[in-house]
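Participant:
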Amino acid sequence: MKSILLLSALCARASAFSIPDGHPLVHWRPAGPGDANHGLLPHDGKNITEEQTANALKLSINLNEDVAKSQFQEALATNPTPGATTFSLDDLSRHNIIEHDASLSRQDHYFGDDQNFNPVIFDQTRSHWKGLFINVHEAALARKARVETSNATNPEFTLSKSALTLTYGESAVYIVTFGDRSAGTVRKSWVEYFFEFERLPTELGWTKHEDEITSSDLNSMAQRVIDATESSDEEKHSLLRRRDFHAGHTARRHHH
Ligand SMILES: *[C@@H]1O[C@H](CO)[C@@H](O)[C@H](O)[C@H]1NC(C)=O
Ligand SMILES: *[C@@H]1O[C@H](CO)[C@@H](O)[C@H](O)[C@H]1NC(C)=O
């Protein structure tokens, strides 16, 4: 998986960064009195450089520098100015570049506001998260349900191949960033907080990993989400086959 765009936005505050969901941080807060600007990102969210991106992601979530730089390249592609060397948070929200349909927490562009947290959409997502911790299987089900719902209800549903890849990456990102990279589990309340408030769940007790997040962490978690999605498809198909068989059986009995 070449392109996992985990960040969609970054934040000037070390305590916050991005929506792993194709969505920029829309409520960009200007510096207030007493606000520490860590010298990372411009407070107006504009003209963000590669170095600022890498620093912000290192400091906020301990993301490997090369991964951060490739994220920056993805973000750069959203800046419509030819030859640009910086991007602005506003650029990230252009539909179908990074922002995409079937988000876990925002409604599709077709239905209107695709930027702000949408509790109805997110309720569908979190209905698949049954316990205190989300596992890979539940992450896969939640992602798949959103894709299927959007596909079935949005007449302009679009998910390019790269956006589809992105959706797996986004599920991987919240597990890896907030959870246990080997177990593939993550505390649900931290993930909910992150999506809802667009802030790192520091005040709930989360801290960044001591070992940096690498591309192999992200790729292997994304692959686990893909595998879990495929095995849930197979389960569904085999259930359907069994149901067909029973239906056929009942029908035959009925005829006798
Ligand atoms: C900074 O970003 C704004 C919009 O995002 C753009 O209009 C402006 O040209 C940029 N400035 C530089 C120096 O790149
Ligand atoms: C959307 O639905 C169509 C028709 O059922 C299907 O062929 C397509 O693969 C679906 N797209 C995605 C991304 O699941």
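Note that the sequence shown covers residues -16 to -1, 1 to 240 in mature numbering (1 follows the signal peptide of the UniProt record, and there is no 0). Glycine included, C-beta positions come from ideal geometry on N, C-alpha and C. The structure presented is a predicted model; accordingly, all values stated were derived computationally and were not measured.
Classify residue 98 as helix, strand or coil using the three-state DSSP reduction.
Facilitator: Three-state DSSP puts residue 98 in coil, outside helix and strand.
Participant: Alpha carbon to alpha carbon, what distance is there between residue 111 and residue 197?
Facilitator: Roughly 28 Å between the two C-alpha positions.
Participant: Using only CA atoms, which one of 180, 81, 122 and 133 lies nearest to residue 210?
Facilitator: Nearest C-alpha to residue 210: 122.
Participant: Quick check on the contact list: which residues have their beta carbon closer than 5 Å to a heavy atom of ligand 2?
Facilitator: Taken from the N-terminal end onward, the list reads 135 and 143.
Participant: Using 6 Å as the cut-off, classify the Cβ of residue 30 as near or not near the heavy atoms of ligand 1, replying yes or no.
Facilitator: Yes, the beta carbon of residue 30 sits closer than 6 Å to at least one heavy atom of ligand 1.
Participant: Give me the Cα-Cα distance between residue 49 and residue 42, rounded to the nearest whole angstrom.
Facilitator: Roughly 7 Å separates the two Cα atoms.
Participant: Please report the straight-line C-alpha distance between residue 190 and residue 53, rounded to a whole angstrom.
Facilitator: Near 25 Å, if we compare the C-alpha coordinates of residue 53 and residue 190.
Participant: By how many angstroms is the C-alpha of residue 60 removed from the C-alpha of residue 72?
Facilitator: For residue 72 and residue 60, the distance between alpha carbons rounds to 9 Å.
Participant: Under 8 Å, with one C-beta from each stretch per pair, do the segment 115 to 132 and the segment 150 to 164 reach the 3-pair mark?
Facilitator: Cβ pair count under 8 Å is three or more, so yes.
Participant: For residue 45, name the three-state secondary structure that DSSP assigns.
Facilitator: Helix, per DSSP.
Participant: Just how far apart, CA to CA, sit residue 105 and residue 98?
Facilitator: Cα to Cα, the separation comes out at about 11 Å.
Participant: Quick check: what's the CA-CA separation for residue 25 versus residue 32?
Facilitator: C-alpha separation (whole angstroms): 6 Å.
Participant: What residue ranges within the segment 56 to 121 form continuous beta strand (DSSP E) runs of no fewer than 3 residues, ordered along the chain?
Facilitator: For the segment 56 to 121, whole beta strand (DSSP E) runs of length 3 or above, ordered along the chain, are 117 to 119.
Participant: With hydrogens ignored, establish whether the beta-carbon of residue 166 is closer than 6 Å to any heavy atom of ligand 1.
Facilitator: Answer for residue 166: no, Cβ out of range of ligand 1.
Participant: Does the separation of the CB atoms of residue 156 and residue 206 fall below 7 Å?
Facilitator: Result yes, Cβ atoms of residue 156 and residue 206 sit closer than 7 Å.
Participant: Please name the residue, chosen from 168, 94, 102 and 80, that lies closest to residue 144 on a Cα-to-Cα basis.
Facilitator: Comparing Cα-Cα distances from residue 144 to each of 168, 94, 102 and 80, the minimum goes to 80.
Participant: Go through its chain and collect everything with a Cβ distance to residue 139's Cβ below 6 Å, but skip five positions before and after it.
Facilitator: For residue 139, where only same-chain residues beyond five positions count, there are no Cβ hits under 6 Å.
Participant: I'd like to confirm the pairing. Which residues does DSSP put opposite residue 130 in its beta bridges?
Facilitator: Paired residue(s): none; residue 130 is not in a bridge.
Participant: For residue 77, is the beta carbon positioned less than 6 Å from some heavy atom of ligand 1?
Facilitator: No.
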